[in-house]
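Counting in the numbering used here, the sequence shown runs from 62 upward without gaps. Backbone N, C-alpha and C fix where the C-beta goes; we use that ideal spot for every residue, glycine too. Just so it is clear, the structure is predicted and the values come from calculations on it, not from any experiment. Here the structure is laid out as C-alpha cells; the discussion comes afterwards.
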Amino acid sequence: MAKNLLIVESPAKAKTINKYLGKDFEVLASYGHVRDLVPKEGAVDPDQQFRMNYELIDKNEKHVAAIAKAAAKADSLYLATDLDREGEAISWHIAEILKQRNLLDGKTLHRVVFSEITPRAIKEAVANPRRLSMDLVNAQQARRALDYLVGFNLSPVLWRKVQRGLSAGRVQSPALRMIAEREEEIEAFKAREYWSIEAECAHPDQAFKARLLTLRGKKFEQFDLTNETDAQAARSALERSAQGRLVVANVESKERKRRPSPPFTTSTLQQEAARKLGFTTSRTMRLAQQLYEGVALGDEGVVGLITYMRTDAVSLSADAITELREVIGRDYGARALPEQPHVYRNKSKNAQEAHEAIRPTSASHRPKDVAQYLSDEQRKLYELIWKRALASQMQHATLNTVSVDLDAGGESMFRASGTTVVDPGFLAVYEEGRDQKNAEDEDEGRKLPKMTIGEAVPLAAITTDQHFTEPPPRYSEASLVKALEEYGIGRPSTYASIIQVLQNREYVILESRRFRPTDVGRAVAKFLSGHFTQYVDYDFTARLEDELDAVSRGEEDWVPLLEKFWKPFKAQVDDKNESVDRSEATGARELGTDPVSGKPVQVRLGRYGPFAQIGTKDDADKPKFASLRTGQSMHTITLAEALELFKLPRVLGTAEDGEDITVGVGRFGPFVKHGSLYASLKKEDDPYTIDLEHAKMLIREKLEAAANRIIRDFGNGIQVLNGRYGPYITDGAKNARIPKDREPASLTLAECSELLAAAPDRPKRGGRFGKAAKKAEPKKVEPKPEAPAKAAVKKAAAKKAPAKKTAAKKAAKKTTAKKAPAKKAAAKKVPAG
C-alpha cells in the first residue's frame, strides 16, 4: 500500500508522474477545480467580510471521493496542482475538504510545485516541499469574488435595460468594449485618396524600382497628390526634367544588428501561434497542455516536452541555457553562439508566479526526432516553441541596408533601398511573423545593383498609383491578445477564456479571422461604457489586476480590496436600475420616413434581436415589425434596406386546396404558412427567395412529422407522444413517464390520467439567474411537447387528400400555439406587436 498520496489536476499528468515516483506513491487527479461558489445569490456575502459559500462541483464528486478514500490510508499528502494562483486555490480547496472530513489528523500535508514534468523536476519538487501559500489562495478568491459580484449584480441590469439573458463579466466587458470601439472607428472612417509615384529603373545589371523622395525641392508626403490630375501633371514634369535617366546622387550603406526575441510567454505564444499556425488561443493552450503533461516517446517513455505554459516570465534557468547552448554549438557551429548567454528581464511585477518562460524541457528533443510521436498540430506547436527558445540564445543577425538617392532633375529625387543578410545568426532557426517586423525590414531580401555617385541609370518609366487610406483593421486573436496585454486587462492565462466567453455569448463573431461585434454585443458595450464607465475603463481594470497581483505577493489584504470595489459599485447598480431608460440603453436609431405611410422608420434591439419598425406605439394603428436579416446590423442598415424587410409576408402561390401559401418571419424565425399551418424554414433557406415548390415540401415534412409524433390521442388534451427521449404522456401542462413494462400504444385513458396525476410539476423557467436551482431540477423531465395535431395526422393518413379548411386551421393552431418551430434562426426574432 502506498504511503504517500500525490494529487495533481489532470489524469494525463497523474499517469505520467506515477511512473516517475514508484510504488511508495499513489498519484490521483482532481480533474481541475473541486469546489466553486454556490450558483445563487448570496454566495459571496459583503456584510460578512465577503464570506464565500462553496460547494462541491457535481461532476468532480466522484474524484473527490477517490481522493478522500486514498487520503484516509496514506501517511503523507502531497498537493501538486499547478504553480499559479488557480493551482494554489485547488490545492487549498482539496485540503479544506479533507480537513472537514477529519482526514488530515496526524498526517503531513505538503505543497509541491514544478514547472516541467520530467523525472528530475518531479523528484526534486517532492524532495523540497513548501507550505500552502494563502497569499496566492486569497488572490484567487478575491478574483473569483469580484467576478461573482459583478456578474450577479450587473447582469440583471442588462436584462432589464437591454435584453433578457445577457451577462456582464468583469474582464470580458472591457475586452468587448475594445472590439466594439474598433467597429465604431471603422464605421466612422472616411477614406482619403492619395497617389504615389515610382521610377522603373533599367540598370544594365539589374532592374529595380525607386519611390519618389522629394518633389520640386520639398519632401514628398503621403497627401501631396490627392487626385489623378495632379498626379499625372507631376509625372509629366518628372519625365521632362529626368530626360530618360536618373543620376546617382548618394549611396549609403549601413550595417545593423537584429537581436532575437525572448522565449515565449503565454501571451506571445498565443499571438505567434495565431499568426504563423492559424491556431485559436484555446487550441494553442489545449495543445500546450498536452505537450506539458507528457507524450510517449517510444522507449524513452512518457515525457513532458515543454515547461508550464501559463507564465508571464521570459527568463530561463541556468541549466536550460547551458543545454540550449550545447545544442546550438553542435548543430549550428560556434559562430552561432554569442560569447555570453542572452539574459531577458521581465516587465511584469508578478512574473515570479511562474519561474521560467515556455521552453522545451530538453533542447535535445529536436522537433524532427519527436515528430513521429506527435499529432500534426502538436508537432507544429512544439517546433514553434523549440525554435523560439533555441533562437533566443543564438547570435544576433547582421543585416546590411543600402540606400541610393537618384536625381531626377528639377530638384526632385527618387530613393531605392535594399537589405541583405550578412550573417543570419538566429534567423537560421527562427523568424517572427511578418506583421511583427518594423519599417527597416520592409526591404529585406531586395538587392540593388552596385552603383556609384554620378552614374546615370536609364529610366524605363515613371508610374503613378492611386491609393485610398484604409480603416483600422478589426482585431484578430493575435492583435486582441496583444492589446489586452498592453492595457493590462486580465492575465495571459485568462485570454483564451475571455475570447471564448465573448463568442459563446454571441457578443462577437469571427469573420475571416477577425472579430466583429454583434448588435447585442455593441448594445452591451455601449450600455456599460455609458453607465458603468469606470468598470469597463481600461486603466481601472488594469489597476485592479495589479492590486490582485499585490494580494498574491502578500503586499495587500484581499478584504479591504473587495470593500473598496463593492460599495461604490453597488450604489451605481442601484442608481442605474432606476434612472436608465430602456430605449436609450438598446440604441434605437431613426432611419427616416416610410414613403407609403409617412410614418417614421427606426431600428431597435428587442428581446429576440435587432428589428426594424414602422410607426410608433402612439399611432392609431399598431407599428409594423420586421427582423433584420442575417449579416445586417442595426448600426449600418439604410432606410431602403429596412423597407425591403417589410415585403414579408409574401404570397408564393396557391395550394391544391385553394389556400394561399405564404412566407414570413415571426418570433421564432422564418416560416412558410398554409392556412393556419406553419413550417419553419431550414438554415439554408431564404424567405426572400424561397419558391412555391420548396415551400410545399416543407409543409409536407411538417405534416409527416406531426403524424409520426402522436402515438395515441384521447381527444381531451391527453396524448401519448414520441419525444426526444422516447415516448411519454402529456396533457399540455404536465409530462409523465411511461412504465418500462408497458407498450405506449396500449395505455388507456385511465392509466394515463393516473400517471399524470402522480407526475411532478415541471420546474418554472427563468428566475433571476435564467434557470431553476440545480438541486430543485428533476433528474429528467421531458421538454414541453408541441400541442396536438389531430387534423395534421388525419391529413397525412389520408395520403395528403385535401382536409376540411376548419380542421386544418384547428390542427395548425394547436401545433403552433404551444411551441413554434425552434431553430438556430431564433436569434433573429421580432417582438410581439
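Among the options, which one has its Cα closest to the Cα of residue i?
| i | options | result |
| --- | --- | --- |
| residue 786 | 770, 792, 793 and 778 | 770 |
| residue 310 | 231, 700, 671 and 473 | 473 |
| residue 230 | 214, 426, 240 and 223 | 214 |
| residue 407 | 690, 67, 513 and 322 | 322 |
| residue 397 | 455, 513 and 447 | 455 |
| residue 743 | 712, 732 and 749 | 732 |
| residue 516 | 481, 607, 87 and 307 | 307 |
| residue 714 | 471, 431 and 734 | 734 |
| residue 709 | 722, 719 and 687 | 687 |
| residue 100 | 209, 766, 788 and 164 | 209 |
| residue 93 | 154, 557 and 768 | 154 |
| residue 282 | 288, 274 and 91 | 274 |
| residue 819 | 624, 806, 799 and 803 | 799 |
| residue 427 | 418, 395, 270 and 389 | 389 |
| residue 615 | 809, 152, 198 and 340 | 198 |
| residue 211 | 680, 779 and 629 | 629 |
| residue 804 | 324, 789, 257 and 525 | 789 |
Which residues share a DSSP beta bridge with residue i?
| i | result |
| --- | --- |
| residue 738 | 735 |
| residue 262 | 269 and 520 |
| residue 381 | BP columns for residue 381 are empty, so no partner. |
| residue 636 | Partner(s): none; residue 636 has no beta bridge. |
| residue 325 | 419 |
| residue 257 | 526 |
| residue 560 | According to DSSP, which records beta bridges pairwise, residue 560 is partnered with nothing at all. |
| residue 780 | 774 and 791 |
| residue 730 | 727 |
| residue 314 | 463 |
| residue 288 | DSSP lists no partner for residue 288. |
| residue 583 | Note: residue 583 sits in no beta bridge, so no partner. |
Would you say residue i and residue j are within 9 angstroms of each other, going by their C-beta atoms?
| i | j | result |
| --- | --- | --- |
| residue 191 | residue 173 | yes |
| residue 553 | residue 277 | no |
| residue 159 | residue 138 | yes |
| residue 73 | residue 261 | no |
| residue 223 | residue 585 | yes |
| residue 676 | residue 658 | yes |
| residue 252 | residue 529 | yes |
| residue 342 | residue 569 | no |
| residue 622 | residue 608 | yes |
| residue 403 | residue 378 | no |
| residue 547 | residue 333 | no |
| residue 927 | residue 774 | Any answer about residue 927 is impossible in this case: the structure gives the chain only from 62 up to 894. |
| residue 562 | residue 233 | yes |
| residue 718 | residue 712 | no |
| residue 125 | residue 95 | yes |
| residue 652 | residue 689 | no |
| residue 164 | residue 127 | no |
| residue 696 | residue 727 | no |
| residue 476 | residue 271 | yes |
| residue 335 | residue 345 | yes |
| residue 582 | residue 810 | no |
| residue 325 | residue 446 | yes |
Can you tell me the Cβ-Cβ gap for residue i and residue j, rounded? I've got them flagged as a contact below 8 angstroms.
| i | j | result |
| --- | --- | --- |
| residue 443 | residue 435 | 6 angstroms |
| residue 393 | residue 448 | With a Cβ gap of about 12 angstroms, residue 393 and residue 448 do not count as contacting. |
| residue 65 | residue 86 | 5 angstroms |
| residue 369 | residue 177 | 7 angstroms |
| residue 485 | residue 458 | 6 angstroms |
| residue 70 | residue 179 | Incorrect: roughly 18 angstroms between the Cβ atoms, too far for contact. |
| residue 235 | residue 550 | 5 angstroms |
| residue 203 | residue 105 | The Cβ separation is near 10 angstroms, so there is no contact. |
| residue 348 | residue 439 | 6 angstroms |
| residue 465 | residue 509 | 6 angstroms |
| residue 319 | residue 460 | 6 angstroms |
When you compare the CB of residue i with every CB in chain D, is at least one pair closer than 9 angstroms?
| i | result |
| --- | --- |
| residue 313 | Checking the listed chains, one finds no chain D in this structure; it contains a single protein chain. |
- prompt: Mind pulling the beta strand (DSSP E) runs of 3 or more residues that sit fully within the stretch 158-223?
  reply: The stretch 158-223 contains these whole beta strand (DSSP E) runs: 169-172.
Sequence ranges, beta strand (DSSP E) only - wholly within the stretch 623-698, length at least 3: Those beta strand (DSSP E) runs which fall completely within the stretch 623-698 and span 3+ residues are 650-654, 661-667, 670-675 and 685-688.
message: For a minimum of 3 consecutive residues, which ranges assigned as the beta strand (DSSP E) are wholly contained in the stretch 426-481?
response: With a minimum length of 3 residues, the continuous beta strand (DSSP E) runs that stay inside the stretch 426-481 are 458-470.
field: Whole runs of the beta strand (DSSP E) within the stretch 101-168, excluding any shorter than 3 residues
entry: 115-117 and 137-140
task: Output the residue ranges of the beta strand (DSSP E) runs that lie fully inside the stretch 797-823 and measure 3 residues or longer, sorted by chain position.
output: none
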